[in-house]
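Everything below concerns the one structure shown next.
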Amino acid sequence: MKFLNTTLAATVLAAAVVAAPPQLPATPAPVQDIVFAQPFTLDRGEVSNWRAERPEITSGYILVLKVDPDLVYPRQTAEPVLYVGDTTAQRLNVGYRSGHVVAVVGADITGEDALDLSEVKIWFGTPELPERVDANRIAQESALADAAGIKPFSATKIDTLLGQNETLDEAAMTGILDDVASLIRRFSPQEEELAVSYDASSGQASGS
Amino acid sequence: MPMHNRRAALLAAAAGLVFAGAANAQVDCPADLDGDGELTVFDFLEFQNLFGAGDLRADFDGNGVLDIFDFLEFQNLFVLGCPSGDIISAELAARSLDEFPFADYVSAFNEGQTFTVAIDPGVVTPPSGLVDVYIVADKTAAEWDADPSLTDARGFAQPSNFSGGPSTDDNKVDQGGVGFLNADAGENIGVPYDIVIDANNNGVLDGGDIIDGLDDAGMWLFKDLTTLGPAARTRIDTYTASFPGIPGSRNQQRLTYPSDIASRTDVPVVIIAHGNGQDYRWYDYMHDHFASHGWVVMSHQNDTVPGIETASETILRHTDYFWGNLGTIAGGALNGRLDKSQTSWIGHSRGGEGVARAWRKIEDGIYNPVNYDLSDINLVSSIAPTDFLLTSRSNPGASNHHHIAGSGDGDVNGSPVSPITQYFAIYERANIDEGDDQRTNTYVLGADHNDFNCCGFNDYQGPAALQIGRAEAQQVAKVAWLVLIQDAVRGNEVGMEFVQREKESIQPLGIRESTNVVNEYKAPFDLSEKTIIDDFQTGTSTGVASSGATVTFDVSNLNEGRLDDANTNLSWITSDPFNGMTRANNGQDQHRGIVFDYNGNRFIQWDLLGTTAFSDWTQYEYFSFRACQGTRHPDTAAIIENQTFVVTLVDGDGNSSSINIGAYGGAGLNEPFPRTGSGSGSGWGNEFETFRIDPTDFLRDGTTLDLSNIDRVRFEFGPASGTSRGRIGVDDLELLR
């Protein structure tokens with residue numbers, strides 16, 4: 599089929615590109631702010647698919663991060679990976695419209711190996727599938743972030759945030775999803791549909 | 003349908019049961035009252051005797067009374083004469099073509115649209131005078147034997163005059179009253195009919211009549227495939243799927259099923275897996291469309307952000323949960339009602355790659371389903387899939403694979419900029435080995451990535467005037483899936499014409515005429531059902547086909563090689579002859595073909611091998627090949643329109659017959675979608691489309707050609723054959739039974 603006659607074609611070509619997705623920002627890129635942090639523990643751990651080693655998560659932090667929206671524009675191609683210290687974080691919403699990402703990072707929250715959020719960088723690294731990111735890759739990305747001058751948030755800020763929330767003790771990952779749903783409603787209300795699905799997941803409704 | 007004759011005596015014998023009381027009368031010639039096989043004065047005398055005796059054998063109008071009207075009816079039948087000869091079975095239902103071969107004897111037609119009854123005088127002598135054309139509800143041969151009476155489904159037969167001229171073009175009669183033909187097949191999608199030319203106008207299928215559809219249906223009428231089916235639907239918005247390996251944050255399913263599921267059995271199931279940043283509730287148009295046609299539809303949360311391995315695991319396990327928990331899902335309403343062996347997977351973007359990966363994981367034994375197995379998955383459809391995992395892992399292999407994507411996709415954009423974005427790559431990995439099922443490609447020009455869901459961002463890129471929009475893209479998609487699933491689960495092969503024929507040849511109802519769709523189809527890889535002339539996978543010299551046939555040509559710059567754009571943009575440079583080929587991805591895929599150009603009269607020819615498989619084309623239903631224009635090449639850019647060329651067959655005696663591919667209703671090789679970006683120039687990736695020509699089309703109008711002894715097949719290009727110049731890619735020359 600001939601699309602257009604010649605005259606119209608010239609007009610049409612001049613009007614090309616009507617809705618291009620935003621360009622990917624350069625990485626490494628720091629998150630702009632951390633606005634919420636809460637530790638959690640799980641009686642029954644859940645394997646995380648967000649890094650190659652597939653660790654089991656039994657504790658960690660729920661975070662809300664203010665970000666450059668273009669970093670989290672939903673793409674099918676590789677997206678910037680969100681890192682917290684020496685691991686990847688699970689993004690539980692999109693956050694493009696609000697500029698706020700709700701994330702879970704698996705970590706020890708007590709003891710010698712406990713993750714101190716005031717001592718680790720939080721940043722977006724090179725676009726990749728998180729499931730392919732292993733410890734070596736994280737080390738490489740961390741070095742790039744260091745070279746880019748990305749720094750941890752202050753201890754004061756972290757302490758203030760953590761002081762606002764008690765540790766969540768839940769039986770399983772689904773148990774924290776109602777809290778995640780609340781955070782989405784608070785920080786990324788454009789994603790109400792997603793919050794509803796987390797309500798359903800945490801409610802454990804079945805077959806009805 | 004191959005032509006064949008049947009003895010009228012068979013019908014006469016069957017009809018004899020109806021006329022058992024008519025002593026001496028020929029059963030298919032009631033006026034032959036003395037039964038001598040001729041109509042003479044003695045038949046008049048016999049009528050007179052019976053009438054005078056009050057014998058109801060003279061009751062020719064069947065009203066139980068002997069009167070003048072019986073005599074008039076007897077006289078009418080006497081004038082018509084006794085049927086003679088055989089019932090002739092021939093192709094009749096056709097699309098009218100303006101040039102040779104003048105008629106396209108297809109099987110699928112749209113409801114309410116005029117079609118043509120065409121007689122090829124090289125095959126059948128057209129009847130003289132005014133004859134009735136009947137469109138009859140489809141009967142099997144046995145049913146015709148049992149009841150040869152003709153009842154037109156329009157309520158009236160159409161008196162038609164075939165000129166008897168030497169060409170098919172002289173013997174075509176458009177059929178009116180098609181609006182009276184029913185195409186309502188309920189939850190099916192088409193209604194079959196037979197076409198009969200009642201040569202002796204006696205209202206009975208008998209000797210001398212011509213029928214299209216004595217065995218199989220002569221034609222099918224299809225409803226508007228974009229419209230909902232009749233089934234009322236019940237939806238469960240969301241419920242939790244608890245199965246090992248499904249993350250708690252990705253454990254929701256959405257379900258739609260026919261509300262009268264309790265009265266159904268063997269219901270097929272469609273499972274939908276969304277893509278990244280998408281949602282399992284964004285595909286209600288599919289839920290509604292499929293469930294209204296009597297199927298169960300489940301979409302599930304898909305764990306796409308971590309990657310394709312994770313997404314595919316989610317697909318596999320959500321499917322497992324579904325099949326293992328029918329006793330509780332929807333309160334058990336589905337339990338015992340479904341047919342697990344009729345499960346289709348449809349995945350979008352990362353989910354589109356996910357379904358291909360999921361198939362491969364089962365095939366490779368990486369995932370062992372608990373509640374189903376690979377044979378239960380009878381369709382794997384990928385919407386604009388990514389290709390992160392490449393050849394060995396994202397590979398739908400032997401599956402019945404379907405691909406659909408939009409040329410205006412701003413996300414998985416189809417360009418060679420990255421292996422990830424080359425959405426055709428997964429499609430190309432299906433149907434490459436013996437035993438592999440069919441593959442189908444639906445390329446929707448002017449559609450973007452999120453047009454195939456309800457709510458993703460508009461990422462369209464391309465000329466603004468060519469953006470077709472979400473609603474229209476979904477109309478196209480619904481047609482493709484409806485016929486694919488009907489074919490997969492109900493064996494309705496005729497509906498597949500909507501994805502096998504060029505869109506110009508079969509414009510689906512409900513889709514705008516201006517919407518352009520490029521269809522590509524490759525039949526199952528079954529060498530008992532097809533013969534490959536050249537797929538370019540072996541015999542890699544330009545002078546030798548994969549079959550061993552000798553190839554000669556004078557087209558310019560012919561290259562044979564992998565269908566892989568060698569760099570990361572679409573700009574034309576001579577060092578990248580396969581520019582715009584985004585089929586063989588990233589150096590791992592080995593799909594091959596040829597490219598060449600012409601600026602004048604040129605040809606490429608395959609000298610066949612002389613063995614029966616290659617030379618006897620009477621055994622084949624189609625000669626099939628795929629071809630495309632080469633994007634941004636100077637010879638393409640010089641003429642931005644459909645490209646046409648001529649296909650010529652030459653037999654062992656040197657006789658030849660030629661058909662221009664543009665003859666089939668304005669069809670030809672689509673010009674590249676005029677999208678810019680990815681380098682300089684205009685035109686997006688190369689758009690392979692499949693052409694299937696019935697070999698008997700070359701015999702039209704009695705053309706002298708020995709189809710049982712074809713020596714050469716030749717493609718002829720240039721001003722004498724069609725478009726004056728162009729850049730062309732060609733692949734997969736096959737003969738299909």
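Protein chains in written order, with the working numbering: chain A, 599 to 806; chain B, 3 to 739.
C-beta atoms are modelled at their ideal positions from N, C-alpha and C, and glycine is treated no differently.
Considering only residues of the same chain and omitting the five flanking positions on each side of Gly326 (chain B), which have a CB-CB separation below 7 Å? Val372, Asn373
Could you check whether Val198 (chain B) and Asp140 (chain B) sit closer than 9 Å to each other, using their CB atoms as the reference points? no
Does any residue of chain D bring its CB to less than 9 Å from the CB of Ala770 (chain A)? The structure shown contains no chain D; its protein chains are A and B.
How many angstroms separate the CA atom of Ala741 (chain A) from the CA atom of Asp684 (chain A)? 11 Å
Using the rule of at least 16 other Cβ atoms within 10 Å of the residue's Cβ for burial, across every protein chain shown, is Asn184 (chain B) buried or exposed? exposed
By alpha-carbon positions, which one of B:Ser86, B:Asp45, B:Leu94, B:Ala105 ends up nearest to Phe76 (chain B)? B:Asp45
For Ser343 (chain B), which beta-bridge partners are listed by DSSP? None; Ser343 (chain B) has no bridge partner.
Determine contact between the region 123–137 of chain B and the region 499–517 of chain B, defined as no fewer than three beta-carbon pairs at a distance below 8 Å. At 8 Å Cβ cutoff, the stretches do not touch.
Proximal residues of chain A, C-beta to C-beta of Val557 (chain B) below 7 Å: Result: empty, since nearest Cβ-Cβ is about 23 Å, beyond 7 Å.
Can you check which of these residues, B:Ala201, B:Tyr624, B:Ser98, is closest to Asp172 (chain B) by C-alpha distance? B:Ser98
Under 8 Å, with one C-beta from each stretch per pair, do the region 249–262 of chain B and the region 279–299 of chain B reach the 3-pair mark? The region 249–262 of chain B makes contact with the region 279–299 of chain B: 3 or more CB pairs, one atom from each, lie closer than 8 Å.
For chain B, find out if any of its Cβ atoms is closer than 9 Å to the Cβ of Glu739 (chain A); answer yes or no. no
3-residue-minimum beta strand (DSSP E) runs that sit fully inside the region 369–433 of chain B, ordered along the chain: 379–385, 403–408
Name, in chain order, the residues that DSSP records as bridge partners for Asp536 (chain B). B:Leu735
So, with DSSP's three-state summary, where would you put Ala27 (chain B)? Model confidence at Ala27 (chain B) stands at a pLDDT of 44, short of 50, so the residue's coordinates are unreliable and nothing is read from them.
When DSSP builds the beta bridges, which residues end up paired with Thr639 (chain A)? A:Ser657, A:Asp767
Assuming the contact rule is C-beta atoms closer than 8 Å, Phe605 (chain B) and Phe538 (chain B) should be a hit. Round their C-beta distance to whole Å, please. Not confirmed; about 18 Å, so no contact.
Name, going along the chain, the residues of the region 718–744 of chain A whose beta-carbon falls closer than 7 Å to a beta-carbon of chain B. Leu727, Pro728, Glu729, Arg730
According to DSSP, simplified to helix, strand and coil, what is Val794 (chain A)? In the structure shown, Val794 (chain A) sits in a helix (DSSP, three-state: H, G or I).
Give me the residue from A:Leu766, A:Thr686, A:Glu644 with the minimum Cα distance to Pro725 (chain A). A:Thr686
Could you compute how far the alpha carbon of Gly667 (chain B) sits from the alpha carbon of Phe426 (chain B)? 27 Å
Alpha carbon to alpha carbon, how far is Val679 (chain A) from Asp732 (chain A)? Give it in angstroms, no decimals. 12 Å
Output yes or no for whether 9 Å exceeds the beta carbon distance between Asp579 (chain B) and Val557 (chain B). One detail in the question is off: residue 579 (chain B) reads as Pro in this sequence, not Asp. In this structure, Val557 (chain B) does not lie closer than 9 Å to Pro579 (chain B) by Cβ.
is_contact[Arg783 (chain A), chain B] using C-beta, thresh 9 Å: no
Would you kindly work out how many angstroms separate the C-alpha atoms of Pro249 (chain B) and Ala332 (chain B), rounded to a whole number? Take the alpha-carbon of Pro249 (chain B) and the one of Ala332 (chain B): they are about 21 Å apart.
Could you tell me the alpha carbon to alpha carbon distance between Arg359 (chain B) and Gly602 (chain B), rounded to whole angstroms? 46 Å
Drop a sphere of 10 angstroms on the beta-carbon of Phe459 (chain B), count the other beta-carbons inside from all chains shown, and report buried for 16 or more, exposed for fewer. buried
Whole angstroms are fine: how far does the CA of Asp36 (chain B) sit from the CA of Gln28 (chain B)? Any reading at Gln28 (chain B) is ruled out, since the residue's pLDDT is 48, under 50, leaving its predicted position unreliable.
So, using beta-carbon positions, are Gln630 (chain A) and Ile660 (chain A) closer together than 9 Å? no
From the DSSP output, in three-state form, read off His302 (chain B) for me. strand
I think Ala386 (chain B) touches Gly354 (chain B), with their Cβ atoms under 8 Å apart; what is that distance to the nearest whole Å? 6 Å
Which residues bound the alpha helix (DSSP H) around His295 (chain B)? In this chain, His295 (chain B) is not harboured by any alpha helix (DSSP H), its DSSP state being neither H nor E.
So, at 6 Å on beta carbons, what are the nonlocal neighbours of Glu791 (chain A) in its own chain, with the 5 sequence-adjacent residues on each side left out? Nothing listed; no residue qualifies.
Using only the alpha-carbon positions, how far apart do Asp186 (chain B) and Asp106 (chain B) sit? 25 Å
Across which residues does DSSP place Glu113 (chain B) in a beta bridge pair? Answer is none; Glu113 (chain B) lacks a bridge partner.
When you compare only the Cα positions, how much space is there between Ala665 (chain B) and Val648 (chain B)? Approximately 9 Å between the Cα atoms of the pair.
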